[in-house]
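Asks:
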Amino acid sequence: MAAPRAFLRLVAPVWNRGTCGVRGLSKAVDPEGSQRKGRTLLQFLTDRFYDVEAVREYLLRKQVLKVQKKNRSFTYIEERYGPYVAGAYFVLKQGGTVKFRDREWMRANERGLSSLEFRKLQEVPVEAVDASGCAINYQGLDNLLALKELQSLSLRRCPHVDDWCLSRLYQLADSLQELSLAGCPRISERGLACLHHLQNLRRLDISDLPAVSNPGLTQILVEEMLPHCEVLGADWAQGLKVGPEKQSRDAAGSPIPA
Amino acid sequence: MLRRALRLRLGPCLSGRGLGTYRGGSTLDWNGKVSEIKKKIQSIFPGGAWSPLYDTSHLPPERSDVVIVGGGVLGLSVAYWLKRLEKQRGAIRVLVVERDHTYSRASTVLSVGGIRQQFSLPENVQLSLFSAEFLRNINEYLAVVDDPPLDLQFNPSGYLLLASEEGAAIMERNVKMQRQEGAKVCLMSPEQLQKKFPWINTEGVALASYGLENEGWFDPWCLLQGLRRKLQSTGVLFCQGEVTRFISSSSHMETASGEQVTLKRIHEVHVKMDHSQEFQPVECAIVVNAAGAWSGQIAELAGVGNGLPGTMQGTKLPVEPRKRYVYLWHCPKGPGLEAPLVADPSGAYFRREGLGNNYLGGCSPAEEEEPDPGNLEVDYDFFQEKVWPRLAQRVPAFETLKVRSAWAGYYDYNTFDQNGVVGPHPLVVNMYFATGFSGHGLQQAPAVGRAVAEMVLEGHFQTINLSPFLFSRFYFGEKAQEHCIL
C-alpha cells in the first residue's frame, strides 16, 4: 500500500544487485568462482519468483490431475459390458482385487485385463471389492456405487477417501454387509455419522483413523448408531487416562494392559 | 548520492561483462535505471504516490479497479472469482474494505454453518449445488503452495425438513423440483421417519424431506481464512476501514421512449480509518456492495433510493439487519450421531455439535416479535418461551436439557422476498450487489461470487442465470419469494 514499498524498490536495485551497470569498468579476476555460480543461480531464481511459483502451482495441479485421471469413469466399458464389469475394471486398474459371485479373487496381472474374461462375466454381480491403498476419490466412487450387489468393501489406507465419499455410501445400503475403513487418513467421526444408512452392515472396521479426534467415544457412538453391526476399532478404554492410585501401582508392579 | 551508492558495490560485484548485455530481463541497463529513478523522484512531488511526511502504510491504495465493500464470505468470494476469471494474471486490482478485522459482528462467523439444497427456487438449488462442489474440492480451488490443506470440518449429515398437513403439498412440489435440478433429496412418510429416527415425535408431521448428499454443516471461519489466504497469495489488497462517502458523477440521458433518466457513476470511495478522522479517497471503476447486514446503509450512501417513491430512483435496497439467536445446550439422552439438522414446521431447528451430546439450535421469530438489531445481546427468555417448547414437543429427549451458552448474529434480511440481490444497479451503473441472502448467504457464497464476477467481467451471467435476483425486481414488484427460510 502507498509508498514505503516504492521507496524500498528505489534502494533495492542499487544495493542488492551484484551485477554492475556502471560504465567503464575493466575486467577483474574473480576470486570466488564457485560461490559466485551458486549465488548467481539463487539470484536467478529470486529474480524469477513469480515464475518459480507458477511452476510449483503447475506441479501441484499436475498431481491433482493425475488422481482425477485415475478416477475417470469408463463409459465405453460400461456401455459394452455392463456396470459390474466396468466397476471391476476400475478397481483392477487401480491395483485392487475383485471377487465375482462364485468365482475366485481376481487381480490385474502384467499382461493387463483380457476382454475374453469380461465377456463371460457380464451378468455376474461383483460380491466383494478390496481397494486397499488405491487412489479412489469422490468421482471414482461412481464406479463402485453401480455395483448394486456388493457385499464386502475394503477401503483400507485409501489416501483420498474422505467424509464426502462416505456420504455417498448410502446407495449400497441394501447389500453391503462388510466395510473396512481402517487407516484412511482423511476420514473423521463426521463421515462415520453417515454410515447409519447401512442397516445391513454386520462388520465395520474403523481402527487406526488418525483424523478421528476421540476414537473410544466415536466407537461407542457408532455402536449405538448401528445396533446390529460388529464394530472393530479402538478399544473404549483407549484415550482414558490412568487414575492416580493405579499410576503408583503401575510404577511398582507390572503394566496393566489397556 | 546515488553515484556513491553505486560505487560502493564496485569491488565484489564485478561480473566482468560489459554493459547492456542481455541477462534475461531482470537486470536493468543504465538507461532503464535512470528512467526508473526519475519516476521515483517525480512520485515524491505532490500528487505522487510517496508522501515523505508521514507513514501511509495503513491506508488503502489511491486507486483500485474494483473496491469490494465488506470482507465477509461473500465479499471474499467475489474477490476470489474476479482473480480467477480475469483474462491475464494481475490484470485487475482488487481492494477489499472491511470495517472490523476481528469479524466480531460479521454474519459469516456467527452463522450455524449449514448448507442445504432444499429451497423452493431452482436458482437457489443450483447455487447450493455448486457451492457444495466448491467446498468438496476446496483444496483444489484454494490451494496455496507450501500452505497446509484446509479442513472444513464438514458434517455430511443432511437436513431433515418436516412439514405439517398444510405444507405437505408444497414440500412435495419443492422436492420434485430439487430432484430435477440434481439434488439428492428423498421424501419420507411419518412411519419411515419414526423407524429411521426413533427419537422424533411424528405427531403433526405429514411429510419430511431428507437430504442425502451434499448437505450438512461446516466451519465458516475456516472457509473465510482459506479465502483470505488464497486472496493474499493472488495479490488482493485488504484494508481495514469504513466506507463513509462515495463521490460520483451523474449524467442525464433520455430513453428511447423520451423519459428522462439520471445515470450515476461512482468515481471515488472515501475509506475512513478506525478511531481517526483520517480517510483515503480511493479512485475506482467498480464498487461491489457485499456489506451484509449493513448493505442498506452503503446503498444509501451511493444514492440508491434518493428519489420519489414509486420510481426506480426512489427504490431503496430493502436489506436490513435482523437479529437471530443461536443457543448451545447439552442433553445427555439426545439424538445420536446420525442426527441431521432437523427443522420443525414451526421454524425451530437444531443440530448436533461435536461428539459430546451438545446441540445447537434456534428459531426465527415471528414478524411482530423481531428483536431490536441495535446490539448482539442474547435474550434467554426467547429460548424458554419459544424455542424449547417447540423442540421438546418434537424431540421428547429435549425435555431435560441445560443451556450452555448462546450468541446472536445478524441476518442480512431482504424484506421484499428473502432472497439475495445480485447484479448491477440499473441507475448507479458501476455498483454491483451481492447481499440480502437472509440466512442462506454462507452456503451460496462461492456460487454467488462467481456470478457477480461473471457479471463484472463479461456483462452477463454465464453459468447460473440469476436474473430473478437483479435489483430491478424491487421496482417492478416481481417477487422471487423463497419459502424455505430457517
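Protein sequences, first through last, are from chains A and B. Heads up: the first sequence begins at 25 in my numbering, then just goes up one per residue. Heads up: the second sequence begins at 45 in my numbering, then just goes up one per residue. Note that beta-carbon positions come from the ideal geometry of N, C-alpha and C, so glycine has one too.
#1: Note down the Cα distance separating residue 355/B from residue 93/A, rounded to an integer number of angstroms.
#2: Give the range of the alpha helix (DSSP H) segment to which residue 121/B is assigned.
#3: Is the CB of residue 229/A under 8 Å away from at least one CB in chain B?
#4: Assuming residue 458/B contacts residue 386/B (C-beta within less than 8 Å), just tell me the rounded distance between them.
#5: By DSSP, does residue 451/B sit in helix, in strand, or in coil?
#6: Anything in the region 192-220 of chain B with a Cβ closer than 9 Å to a Cβ of chain A? List those residues in chain order, please.
#7: Listed in chain order, which residues of the region 155-180 of chain B have Cβ atoms closer than 7 Å to some Cβ of chain A?
#8: Are the Cβ atoms of residue 131/B and residue 275/B separated by less than 8 Å?
#9: What are the boundary residues of the alpha helix (DSSP H) that includes residue 187/A?
#10: Answer yes or no: the CB of residue 491/B versus the heavy atoms of the ligand GTP, is any distance below 7 Å?
#11: Work out the CA separation of residue 121/A and residue 169/B for me, nearest whole Å.
#12: Helix, strand or coil: how does DSSP classify residue 178/B here?
#13: For chain A, find out if any of its Cβ atoms is closer than 8 Å to the Cβ of residue 302/B; answer yes or no.
#14: Hey, does residue 37/A have any beta-carbon neighbour from chain B nearer than 8 Å?
#15: Within its chain, find whatever has a CB closer than 6 Å to the CB of residue 295/B; leave out the 5 residues flanking it on each side and keep chain order.
#16: With burial defined as no fewer than 16 other Cβ atoms inside 10 Å of the residue's Cβ, what is the status of residue 143/A: buried or exposed?
#17: Going by beta-carbon coordinates alone, are residue 365/B and residue 337/B separated by less than 8 Å?
#18: Reducing DSSP to helix, strand and coil, say where residue 511/B ends up.
#19: If we count Cβ pairs, one from each stretch, closer than 8 Å, do we get three or more for the region 191-200 of chain A versus the region 222-237 of chain A?
#20: With DSSP run on the structure shown, which of helix, strand or coil describes residue 227/A?
#21: Assuming residue 404/B and residue 156/B are in contact, meaning their beta carbons sit under 8 Å apart, how far apart are those beta carbons, in whole angstroms?
#22: May I ask you to report which of helix, strand or coil DSSP gives residue 243/B?
#23: Nearest to residue 114/B by CA position, among 141/B, 180/B, 252/B, is which residue?
#24: Can you give me the start and stop residues for the alpha helix (DSSP H) that residue 277/B sits inside?
#25: Assuming residue 452/B and residue 501/B form a contact by the criterion Cβ under 8 Å, report the distance between their Cβ atoms to the nearest whole angstrom.
#26: Skipping 5 residues on each side, what residues in its chain have a beta carbon closer than 8 Å to that of residue 197/B?
#27: Could you tell me the distance, in whole angstroms, from the CA atom of residue 440/B to the CA atom of residue 415/B?
#28: For residue 412/B, count neighbouring C-beta atoms within 10 Å of its own C-beta (all shown protein chains included) and say buried if the count is 16 or more, exposed if not.
#29: Let me know if residue 187/A comes out buried or exposed under the rule of 16 or more other beta-carbons within 10 Å of its beta-carbon.
#30: Taking residue 257/B as the query, report the chain A residues whose CB atoms sit under 7 Å from its CB, ordered along the chain.
#31: Cβ of residue 389/B within 8 Å of Cβ of residue 208/B?
Replies: In brief:
#1: The C-alpha of residue 355/B lies about 55 Å from the C-alpha of residue 93/A.
#2: According to the DSSP assignment, residue 121/B belongs to the alpha helix (DSSP H) that extends over 117-129.
#3: The beta-carbon of residue 229/A is placed no less than 8 Å from the nearest beta-carbon of chain B.
#4: By a beta-carbon distance limit of 8 Å, residue 458/B does not contact residue 386/B. Their separation comes to about 25 Å.
#5: Three-state DSSP puts residue 451/B in a strand.
#6: Of all residues in the region 192-220 of chain B, the ones placed with a Cβ closer than 9 Å to any Cβ belonging to chain A are 195, 197, 198, 199, 200, 201, 202, in chain order.
#7: Residues are counted here when their Cβ sits less than 7 Å from a Cβ of chain A; for the region 155-180 of chain B these are 180, given in chain order.
#8: The Cβ atoms of residue 131/B and residue 275/B do not sit closer than 8 Å to each other.
#9: Start and end: 187-190.
#10: Because no ligand of any kind appears in the structure shown, any question about the ligand GTP cannot be addressed here.
#11: Distance between residue 169/B and residue 121/A, taken at the CA atoms: about 39 Å.
#12: Of the three classes helix, strand and coil, the one that applies to residue 178/B here is helix, per DSSP.
#13: So no, residue 302/B is outside the interface.
#14: With a pLDDT of 45 at residue 37/A, under the threshold of 50, the predicted position of this residue should be treated as unreliable, though the coordinate-derived value follows. Yes, residue 37/A lies at the interface with chain B (some Cβ there is under 8 Å from its Cβ).
#15: For residue 295/B, where only same-chain residues beyond five positions count, the Cβ hits under 6 Å are 307.
#16: It is exposed - the Cβ of residue 143/A has fewer than 16 other Cβ atoms within 10 Å.
#17: If you check the CB distance, residue 365/B and residue 337/B come in under 8 Å.
#18: When DSSP states are grouped into helix, strand and coil, residue 511/B belongs to the helix group.
#19: Verdict: yes, contact present.
#20: Strand.
#21: The beta-carbon distance between residue 404/B and residue 156/B, rounded to whole angstroms, is 6 Å. This is short enough to meet the 8 Å contact definition.
#22: In the structure shown, residue 243/B sits in coil (DSSP, three-state: anything other than H, G, I, E or B).
#23: The closest CA to that of residue 114/B, considering only 141/B, 180/B, 252/B, is found on 141/B.
#24: Under the DSSP assignment, residue 277/B falls in the alpha helix (DSSP H) whose first and last residues are 264-278.
#25: Rounded to whole angstroms, the Cβ separation of residue 452/B and residue 501/B is 37 Å, and the two are not in contact under 8 Å.
#26: Once the five neighbours on either side are set aside, the close Cβ partners of residue 197/B are 262, 263, 266.
#27: Distance between the alpha carbons of residue 440/B and residue 415/B is about 28 Å.
#28: So residue 412/B counts as exposed.
#29: Classification for residue 187/A: buried.
#30: Per Cβ cutoff of 7 Å: 191, 192.
#31: With respect to the 8 Å criterion, residue 389/B and residue 208/B are classified as neighbours on the basis of their beta carbons.
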